[in-house]
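There are 2 protein chains.
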Amino acid sequence: MISASALKALREIVGRENYLDSEADKLLYSYDGTPMLRQKPDAVVIPRSADVVSKILRLANDEGFAVVPRGSGSGLSGGSVPVPNSVVLLFPPMNKILSIDEVNLTAKVEAGVITARLQSEVEKRGLFYPPDPGSANISTVGGNVAENAGGLRGLKYGVTKNYVLALDVILPSGEPIALGSESVKDVQGLNLRDIFIGSEGALGIFTTITLRLLPKPEHSVVMMMPFDSIATVGEFVAETMLARITPAMLEFLDRNTIRAVEDYAKLGLPTNVAALVLVELDGYKSVVEAEAQKIAAIARKLGASSIASAETLDDATRLKLARKSAFSALARLKPTTILEDASVPRSKLPEMLLKLEEFAKQESVLVGNFGHLGDGNLHPTCLINERDSDEVRRSERFFERAFETAVKFGGAITGEHGTGLAKKKYLEMATGKTQVDLMRKFKQILDPNNVLNPSKMFDIESLFRSKCERKIARPT
Amino acid sequence: MISASALKALREIVGRENYLDSEADKLLYSYDGTPMLRQKPDAVVIPRSADVVSKILRLANDEGFAVVPRGSGSGLSGGSVPVPNSVVLLFPPMNKILSIDEVNLTAKVEAGVITARLQSEVEKRGLFYPPDPGSANISTVGGNVAENAGGLRGLKYGVTKNYVLALDVILPSGEPIALGSESVKDVQGLNLRDIFIGSEGALGIFTTITLRLLPKPEHSVVMMMPFDSIATVGEFVAETMLARITPAMLEFLDRNTIRAVEDYAKLGLPTNVAALVLVELDGYKSVVEAEAQKIAAIARKLGASSIASAETLDDATRLKLARKSAFSALARLKPTTILEDASVPRSKLPEMLLKLEEFAKQESVLVGNFGHLGDGNLHPTCLINERDSDEVRRSERFFERAFETAVKFGGAITGEHGTGLAKKKYLEMATGKTQVDLMRKFKQILDPNNVLNPSKMFDIESLFRSKCERKIARPT
Chain H
1 MISASALKAL
11 REIVGRENYL
21 DSEADKLLYS
31 YDGTPMLRQK
41 PDAVVIPRSA
51 DVVSKILRLA
61 NDEGFAVVPR
71 GSGSGLSGGS
81 VPVPNSVVLL
91 FPPMNKILSI
101 DEVNLTAKVE
111 AGVITARLQS
121 EVEKRGLFYP
131 PDPGSANIST
141 VGGNVAENAG
151 GLRGLKYGVT
161 KNYVLALDVI
171 LPSGEPIALG
181 SESVKDVQGL
191 NLRDIFIGSE
201 GALGIFTTIT
211 LRLLPKPEHS
221 VVMMMPFDSI
231 ATVGEFVAET
241 MLARITPAML
251 EFLDRNTIRA
261 VEDYAKLGLP
271 TNVAALVLVE
281 LDGYKSVVEA
291 EAQKIAAIAR
301 KLGASSIASA
311 ETLDDATRLK
321 LARKSAFSAL
331 ARLKPTTILE
341 DASVPRSKLP
351 EMLLKLEEFA
361 KQESVLVGNF
371 GHLGDGNLHP
381 TCLINERDSD
391 EVRRSERFFE
401 RAFETAVKFG
411 GAITGEHGTG
421 LAKKKYLEMA
431 TGKTQVDLMR
441 KFKQILDPNN
451 VLNPSKMFDI
461 ESLFRSKCER
471 KIARPT
Chain R
1001 MISASALKAL
1011 REIVGRENYL
1021 DSEADKLLYS
1031 YDGTPMLRQK
1041 PDAVVIPRSA
1051 DVVSKILRLA
1061 NDEGFAVVPR
1071 GSGSGLSGGS
1081 VPVPNSVVLL
1091 FPPMNKILSI
1101 DEVNLTAKVE
1111 AGVITARLQS
1121 EVEKRGLFYP
1131 PDPGSANIST
1141 VGGNVAENAG
1151 GLRGLKYGVT
1161 KNYVLALDVI
1171 LPSGEPIALG
1181 SESVKDVQGL
1191 NLRDIFIGSE
1201 GALGIFTTIT
1211 LRLLPKPEHS
1221 VVMMMPFDSI
1231 ATVGEFVAET
1241 MLARITPAML
1251 EFLDRNTIRA
1261 VEDYAKLGLP
1271 TNVAALVLVE
1281 LDGYKSVVEA
1291 EAQKIAAIAR
1301 KLGASSIASA
1311 ETLDDATRLK
1321 LARKSAFSAL
1331 ARLKPTTILE
1341 DASVPRSKLP
1351 EMLLKLEEFA
1361 KQESVLVGNF
1371 GHLGDGNLHP
1381 TCLINERDSD
1391 EVRRSERFFE
1401 RAFETAVKFG
1411 GAITGEHGTG
1421 LAKKKYLEMA
1431 TGKTQVDLMR
1441 KFKQILDPNN
1451 VLNPSKMFDI
1461 ESLFRSKCER
1471 KIARPT
């Protein structure tokens, strides 16, 4: 429990109207998008300025409580789940788009801006912010930067990190720093900026973010095609790459997922196929049309029976609905949905998918697979009942084997969701102890009292230090 | 001086045939591409494997000498200039291209591979490695990663960092680690990989590097056009951006540079104009041709008297020669050529260029300006005689004012050359003390004895610790 005096000081910093501590509020902010993780905070506050964030962190260092920054809470690794003795900071109210510069192709925003709102604002000006996490309609840019969010356009356009130019950050000590610059080219000193991107709220809190934009593609086409085997899907990806085509989106759904989606959304999908592949091509109209023909030819050659194609926004949205509703559709099958995101090199995808099917059978858990074929980022989704402890154990074994295989194939235990609480126990297996120790030391340099989003990604024993010890260690 | 016993142990580690210590060798490796920086090493060695690099670094920690990794020595910030009591490690002999994967679009190379060789090898397969530093014909991939090298294609394709997937690194302690993965999507733990990119040889030594590749553009056009004023050049850049065109190359030469080039290469350039702008467009033929027409229309509207255009490789190379020979041409005018690379947001370029002309006049130094219009990365080049101490002082004042202005405009003191020895004294002005202190702490965590390329970017007082103190501090 945080002391009453500390909470009183906190309330004075943020103002009564920005201070929430009813049981309902604590319950509401006790979890995020990650299943089976819950912890009530001692209080929830809305910081209205960088200066307030600073003051809160100074107080946290003085009083020895933890601070957990939160965007929209859509994260899938527990990054914004509170820890014991913590205060949650809500950023959605800090949601100004400060500038959109059409010559420098940059946008400067507050951390709480919703990603989809930024996308539509820049698109009105003929510009384009490519990162497109599945949560874009609700997630914040700050949360996206904290998790280095990926999404559907990774293959052609990369991830959030590739679009962050500058960050205004409040360090765990409460000190503000400005990382990066508005120049696309900036190599002064060590690249501190990029270690803050994807730091899952543990190294600093972002207040404003300057992003790089692109011109909006002139045209796009979405195509959907069924394949009879996972191996053929692999061949399709390989032949697309060998044809030197880089789709903006290259997604798939496996049989279990297709059936769940069809059952849920009634889209008239073929339920007797091994996989459905979705392709989006964007760019200049003439190029997109030529590439669409090549893609169709490759698919037909590999036996795709029917190829749906959409050029209008409405038709495209309808086709994408199959992929977009995958998670919700699967979620209906069982009380608990565990969505993971191991990634492997593109060429290892078919092998990885067959392994996942094998592991699911052996552990007798219901698994649906879908995800980003183009960048090798899979979303094996385990459907269980968290009250069935044996099923929970079997699902854990399934994921453990899945992660080990991903690493063995030269991939990663997480491609875009982050490590957080959900995957911290696998981190050392994936990166080795030396790297996790290095990460711990970097965290300790920035946050000696371990007040900022502690115990995410990895544990630090100083977390268990008493408040007075913390005071001794306070940076001067 | 490194002790005779330490040098003997070093010779045994690398083998006599890989150990150089003649006065000629020491002189040959006492400098790099940066003017006015010279320091003889105690020895120069060729490590033939990662294991040998490991052993050398362990010895350096035991014996308390410094290790300076060196690619081709083409760096322009002194990154590979030896320090007192140092051994230079030469990487060009580690030059195997280990694999080129046409489905995953990756290349795995040893650190000593020459960048242009990698480019031509992947282009033979219809692939493309975009980073294109001016030194590409001689610089190594390892050196490019160490400096996060930029180049001519930054606007459209970004810099070296955007293409590094995985790094095999030997830490200063001698311990090997593997950073990143072959997956394009990888967010496990903190992003350690990217702080090693651009770390100027001070955090670790790269042995193998896995790079991301793109499909090779189908077609390209190079255009050259003169403008009567710097302000018009700014309008040209702005209108190009507003037309949503992203050239692969957008370069310029100012009057002084044009005259030097014409005098040197006799290309028939117009010497009575304020600036020459070079544009390269690449992509699908139909798109490139349409964009070329738009660019020409914008240029004509802004008064460009003549527009040269080249579609064949030979013609394009001829046009590019004006830009490529800028440095050599300017270098002929005076004994000493100081090439810098401040960067500013694109829209600030004209203002910045006028400032540079003003500073050059006020400090009465001869300055030629050229560089990367598209990404705001300028190369003010000061031509002096280093034996004229007053002229040296005036050139220093010129650059100091240039860097302060770049930072004031939201830019950086270095866009692509790095901080090294040449710009370390400006680093704190550019990033603030808090950031430099953080950089120091990160360096100290990785290199407590400060043996690896010490005193580059910033100084660390432990550098001046005695050998025995170093031994005490040795990591266990």
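If you read the protein sequences in the order shown, they are chains H and R. Counting in the numbering used here, the first sequence tops out at residue 476, every number present. Counting in the numbering used here, the second sequence tops out at residue 1476, every number present. Backbone N, C-alpha and C fix where the C-beta goes; we use that ideal spot for every residue, glycine too.
- For Leu-1253/R, DSSP records a beta bridge to Leu-1276/R, Phe-1370/R.
- By the rule that beta-carbons nearer than 9 angstroms mark a contact, Met-1241/R touches chain H.
- Residue-level contact by beta carbon holds for Leu-203/H and chain R, with a gap shorter than 9 angstroms.
- When 7 angstroms is used as the limit between beta carbons, Asn-1137/R is near no residue of chain H, the shortest such separation being about 21 angstroms.
- Cβ-Cβ distances below 7 angstroms link Lys-1216/R to Glu-1123, Gly-1126, Leu-1127, Phe-1128 in the same chain, with the five nearest sequence neighbours on each side left out; the list follows chain order.
- Within 10 angstroms of the beta-carbon of Pro-1448/R lie 16 or more other beta-carbons, which makes it buried.
- Looking from the CA of Asp-1388/R, the closest CA among Arg-1300/R, Met-1094/R, Lys-1334/R, Ser-1086/R belongs to Lys-1334/R.
- One Cα belongs to Glu-1102/R, the other to Lys-1108/R, and the distance between them is close to 12 angstroms.
- Taking C-beta atoms as the reference points, Glu-1063/R and Ser-1003/R count as a pair closer than 9 angstroms.
- Scanning chain R for C-beta atoms nearer than 8 angstroms to the C-beta of Asn-148/H yields Val-1187, Asn-1191, reported in chain order.
- Sequence-distant partners of Gly-411/H (beyond 5 residues in either direction) whose C-beta falls short of 6 angstroms from its own C-beta, in its chain, are Ser-343, Val-344.
- For the segment 1234-1258 of chain R, the set of positions with a beta-carbon nearer than 7 angstroms to some beta-carbon of chain H reads Ala-1238, Met-1241, Leu-1242, Arg-1244, Thr-1246 in chain order.
- With a cut-off of 8 angstroms on Cβ pairs, the segment 1316-1333 of chain R is in contact with the segment 1256-1265 of chain R, counting three or more such pairs.
- Under the three-state reduction of DSSP, Met-1225/R is assigned to strand.
- Annotation: the continuous beta strand (DSSP E) that includes Ala-1043/R extends over 1043-1045.
- Chain H has a Cβ within less than 9 angstroms of the Cβ of Glu-1182/R.
- Rounded to the nearest angstrom, the Cβ distance from Ala-1299/R to Met-1225/R is 5 angstroms, consistent with a contact under 8 angstroms.
- If you check each beta-carbon in the segment 207-218 of chain H against every beta-carbon of chain R, the ones closer than 7 angstroms belong to Pro-215.
- Chain R has a Cβ within less than 9 angstroms of the Cβ of Phe-442/H.
- Membership of Phe-1206/R in the beta strand (DSSP E) is indicated by the continuous run 1205-1212.
- Per the DSSP secondary-structure output, Ala-107/H pairs in a beta bridge with Ile-100/H, Leu-211/H.
- With at least 16 other beta carbons inside 10 angstroms of its own, Gln-188/H counts as buried.
- Contact between the segment 357-374 of chain H and the segment 386-404 of chain H is present: 3 or more CB-CB pairs across the two stretches fall below 8 angstroms.
- In the three-state DSSP reduction, Asp-25/H falls in the helix class (H, G or I).
- The CB of Gln-1435/R comes closer than 8 angstroms to the CB of Ile-177, Leu-179, Gly-189, Leu-192 in chain H, given here in chain order.
- Looking from the CA of Ile-1046/R, the closest CA among Ser-1183/R, Val-1014/R, Ser-1030/R, Ile-1245/R belongs to Val-1014/R.
- Pro-345/H reaches chain R at Asp-1101, Val-1103, Asn-1104, Thr-1106, Ser-1181, Glu-1182, Ser-1183, Val-1184, counting residues in chain order whose Cβ is nearer than 9 angstroms.
- In this structure, the straight-line span from the alpha carbon of Glu-386/H to that of Leu-242/H is close to 44 angstroms.
- The segment 1430-1447 of chain R and the segment 1201-1211 of chain R touch, with no fewer than 3 CB-CB distances between them shorter than 8 angstroms.
- Of all residues in the segment 388-421 of chain H, those with a C-beta nearer than 7 angstroms to a C-beta of chain R are Gly-410, Gly-411, Ala-412, Ile-413, Thr-414, Gly-415, Glu-416, Gly-418, Thr-419, reading in chain order.
- Listed in chain order, the alpha helix (DSSP H) elements of length 4 or more contained wholly in the segment 1280-1325 of chain R are 1285-1301, 1313-1324.
- Here the alpha carbons of Leu-37/H and Leu-1278/R stand approximately 57 angstroms from one another.
- The three-state reading of DSSP puts Leu-1127/R in strand, counting E and B together.
- Taking 9 angstroms as the threshold, the shortest C-beta distance from Asn-144/H to chain R does not fall below it.
- Counting along the chain, Thr-1381/R sits inside the beta strand (DSSP E) bounded by residues 1377-1384.
- Among the CB atoms of chain R, none fall inside 9 angstroms of the CB of Ala-231/H.
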